[in-house]
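All remarks here apply to the structure that follows.
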Amino acid sequence: MALITFLSDFGSTDHYVAAIKAKILSIDASLKIVDISHDIEPCNLAQASFVLKNVFRDFPPGSVHLMGVNSSNTPADIFLALKIEEHYFVGNDNGFWGLISEEDANEVVKLKTESDSVGSFPARDILAPAAAQLANNTPLNKLGEPFQDYQRMLSRKPKATKQQISGHIIHVDHFGNLITNIPESDFNILSKGKKYNLKFGRENMNRIHGSYKAVDNGDCFILFNSIGLLEIGINNGNASQLLGLDFDSPVIISFED
Amino acid sequence: MALITFLSDFGSTDHYVAAIKAKILSIDASLKIVDISHDIEPCNLAQASFVLKNVFRDFPPGSVHLMGVNSSNTPADIFLALKIEEHYFVGNDNGFWGLISEEDANEVVKLKTESDSVGSFPARDILAPAAAQLANNTPLNKLGEPFQDYQRMLSRKPKATKQQISGHIIHVDHFGNLITNIPESDFNILSKGKKYNLKFGRENMNRIHGSYKAVDNGDCFILFNSIGLLEIGINNGNASQLLGLDFDSPVIISFED
Amino acid sequence: MALITFLSDFGSTDHYVAAIKAKILSIDASLKIVDISHDIEPCNLAQASFVLKNVFRDFPPGSVHLMGVNSSNTPADIFLALKIEEHYFVGNDNGFWGLISEEDANEVVKLKTESDSVGSFPARDILAPAAAQLANNTPLNKLGEPFQDYQRMLSRKPKATKQQISGHIIHVDHFGNLITNIPESDFNILSKGKKYNLKFGRENMNRIHGSYKAVDNGDCFILFNSIGLLEIGINNGNASQLLGLDFDSPVIISFED
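Protein chains in written order, with this note's numbering: chain V, 1430 to 1686; chain Z, 1430 to 1686; chain F, 1430 to 1686.
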């Protein structure tokens, strides 16, 4: 019996989250469901993918991840079960899957639906039963027909030259810390002992710290975080508010010749 | 061993929710507790009943539902355990039970209390132990004396004539969608191929959609939702804010002769 | 197998909470984790300690409490496992432990870390594995070296004379109720049938009620709550907002001669 994780934009004031758990537990009351978050902004696939991408591999291989955030622009009602990097996923065919992994899915099926119409609560009626079955070791290919042409959006990469890495803020966390798409590996290849300048908003800085405690309260820290990405914050403060930066703001590292 | 669900207005910043779970798990650490919501507005029985009414039947029969929202107007400190539609409930004698089901309770007892005073945290001291005992198959009639005269508030029904259904918004969900008390069954009986006009706020519309994706982003959709009620929303928008409608706003369907 | 509880300021929109649960469940998927709260204000040790102090004893003895709130002023990266009052705790050496209990820890160890650097996510990398091991009955002294000089902040006590008890608001709960640090026991010793005056903000009152229902809607109640502390609230209202009082506001009881 595998773990089921659950990520959505359903919030905490309605019956939606509980309805999906009830469906899973009605199939097998011994299944274990771990909430990832239900406070993703409505339809925000970028935020949802950032969260799931950075945690799904921490669960045991074989875990089943139920993804209840959908884009309002998803054209057709196609629901998928996928195997990616030894984990199972169920959700919409909305391009999300390209954002959480660069690897091809090992296997993808289009979930069977009981009728032509999917109803108005497919996360409960289609995704929850599929997740319960996968957690109870039903093979993926029993849940539907193979489906190769699933949509895959691509993560925005930083641009790197010998002189410069040009990236963006891809997530503002609960503390107001600003997480960029600039990976430590890119920085290490290009810096090689050179001096550098980091530019974001109105700030210019020329060092990266080992820890947020390396600076005084109220000062700005820059570090490579636990997921290997450049992160900007204010010790004991909200960097997003104090620096006036948000999702998508540019961050540029220039290297001296 | 049955599931215990837990609904309250206790919020997420205090020790209240955990104290109740601790009490249940101290009685039997193997019990499974599923949160419905703890973000019901303080003392809002209408919101609490909407949420619980629409999800309790999704749990397996025999599940125990702990209801920690109380009205500040409840006169006496009477605590009940009830069996309604093959489910168990524990909570106050505050009229709530008439809002979640139109059926009579199969059985109701007034919960025994250890002293005359109920203390200042009865959800922990009285409801939690009762829920734990019911989940462990203690018969309802062992928890207290039969109690017939429990209070029952009645849900507000729409008024229907051959010409018109006149209802109200009974819930605004996390997405700002407006859920009315107009059931699909009433509509089907009265519409019978007639043209109709829907009026809410300043809007007049003359069709009901099959899905919220039937309209463009920013446009208004009207559908019968997964619980069979007329729902009004804005695709990719917050209908409550954009239309200026809230709990209790009227929604009227007029049928052509 | 003991229960693990989890308290943090990580909020509900990131992967942080799930990453720690994933770590624990990867060590042993059968472990049971109970959330206390993840909505503690960032770095607010006073709020975190109020919440944990008032609930940890409700869990079975031997439970393991993971405490993920850190002060931004914590000088060194020292992580502890402690046994206090038959419960286990893991967290930073940030003074927090003096706030939740007046008893000395039975045993304290400094947790072993795999490298000199603690990384940027020690709650996941250091605290989560320690909590999992303790829950699976690994003896505390296998997790690190004894550590006697852990920091202990002290709770602020009210000042009491024969004429007066002078205390403060130490917690504003979700309902806006104001919880003070004035214990019922102090009041009982000093009051002994004397008349008294309670002063807070612009209010003067001369009685303590048995229950919040002893007053009408909109009126102010004062009672000794389920944790034995003087609590001020407004029946069906938000006392913090309506009285203009907050954390740290003074509350004074004067006794007649």
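Ideal placement from N, C-alpha and C gives every residue a C-beta, glycine not left out. Please read these numbers as outputs of a predicted model, since none were measured by experiment.
Does the beta-carbon distance from residue i to residue j come in below 8 Å?
i                 : j                 : result
Ala1510 (chain Z) : Leu1572 (chain Z) : yes
His1597 (chain V) : Ser1678 (chain V) : yes
Pro1393 (chain V) : Phe1508 (chain V) : With chain V represented from 1430 up to 1686, any question about residue 1393 (chain V) goes unanswered, as that position is not in the structure.
Ile1663 (chain F) : Gly1647 (chain F) : yes
Ala1451 (chain V) : Phe1435 (chain Z) : no
Ile1594 (chain F) : Ile1651 (chain F) : no
Ile1555 (chain V) : Val1493 (chain V) : no
Ile1453 (chain V) : Ala1557 (chain V) : yes
Asp1506 (chain F) : Val1547 (chain F) : yes
Asp1522 (chain F) : Gln1580 (chain F) : yes
Ile1449 (chain F) : Arg1553 (chain F) : yes
Asn1654 (chain Z) : Ser1549 (chain V) : yes
Gly1630 (chain V) : Leu1674 (chain V) : yes
Ala1447 (chain V) : Val1463 (chain Z) : yes
Val1480 (chain F) : Asp1602 (chain Z) : no
Residue i by DSSP, collapsed to three states: which one?
i                 : result
Ile1462 (chain Z) : strand
Ile1529 (chain F) : helix
Ile1555 (chain V) : helix
Leu1432 (chain F) : coil
Lys1452 (chain F) : helix
Val1547 (chain Z) : coil
Leu1674 (chain V) : coil
Lys1539 (chain F) : strand
Ser1683 (chain V) : strand
Leu1659 (chain V) : strand
Ile1563 (chain F) : First, the residue type needs correcting, since residue 1563 (chain F) is Leu and not Ile in the sequence shown. DSSP places Leu1563 (chain F) in helix when its eight states are reduced to three.
Leu1652 (chain Z) : strand
For residue i, which residues in the same chain have their Cβ closer than 8 Å to its Cβ, ignoring the five residues on either side in sequence?
i                 : result
Asp1438 (chain V) : His1467, Asp1468, Ile1469, Glu1470, Pro1471, Cys1472, Asn1473, Ala1477, Gly1497 and Val1498
Ser1391 (chain Z) : A query on residue 1391 (chain Z) cannot be resolved here, the shown segment of chain Z reaching from 1430 to 1686 and no further.
Asn1665 (chain F) : Asn1646 and Gly1647
Lys1461 (chain V) : Met1430, Leu1432 and Ile1433
Arg1585 (chain Z) : His1597, Ile1599 and Asn1610
Ser1530 (chain V) : Lys1482, Ile1513 and Glu1514
Thr1567 (chain F) : none
Leu1591 (chain Z) : Note that residue 1591 (chain Z) corresponds to Lys in the displayed sequence, not to Leu. Around Lys1591 (chain Z): Leu1619 and Phe1684.
Leu1633 (chain F) : Note that residue 1633 (chain F) is Asn in the sequence shown here, rather than Leu. Result list for Asn1633 (chain F): Asn1626 and Leu1627, in chain order.
Ser1459 (chain F) : Met1430
Once the 5 residues before and after residue i are set aside, which same chain residues still bring their CB inside 6 Å of it?
i                 : result
Glu1536 (chain Z) : Lys1512 and Leu1569
Val1484 (chain V) : none
Lys1624 (chain F) : Glu1685
Asn1400 (chain F) : The structure shown does not extend to residue 1400 (chain F), since chain F spans only 1430 to 1686, so no value can be given for it.
Phe1541 (chain F) : Per the sequence shown, the amino acid found at residue 1541 (chain F) is Lys instead of Phe. If we look at Lys1541 (chain F) and ignore the five residues flanking it on each side, its Cβ neighbours are Gly1573.
Ser1500 (chain F) : Cys1472, Leu1474 and Asn1523
Leu1528 (chain Z) : Ser1478, Met1582 and Ser1584
Gly1491 (chain V) : Ala1431
Excluding sequence positions up to five away, which residues of its chain have a Cβ less than 7 Å from the Cβ of residue i?
i                 : result
Asp1457 (chain V) : Ala1561 and Asn1565
Lys1588 (chain V) : Ser1595
Pro1612 (chain V) : Gly1657 and Leu1658
Tyr1445 (chain Z) : Phe1439
Tyr1641 (chain V) : Phe1650, Leu1652, Gly1662 and Asn1664
Ala1643 (chain F) : Phe1650
With a cut-off of 8 Å, does the C-beta of residue i fall near any C-beta of chain A?
i                 : result
Pro1558 (chain Z) : Chain labels in this structure do not include chain A; the protein chains are V, Z and F.
Segment contact, 8 Å Cβ cut-off, at least three pairs: the stretch 1659-1677 of chain F with the stretch 1607-1618 of chain F: yes
The stretch 1611-1631 of chain F in contact with the stretch 1514-1527 of chain F per 3-pair CB rule at 8 Å: no
Unbroken stretches of the alpha helix (DSSP H), 4 residues or longer, contained in the stretch 1455-1527 of chain Z: 1474-1482
Every unbroken alpha helix (DSSP H) within the stretch 1575-1644 of chain Z, with a cutoff of 4 residues, ordered by chain: 1613-1620
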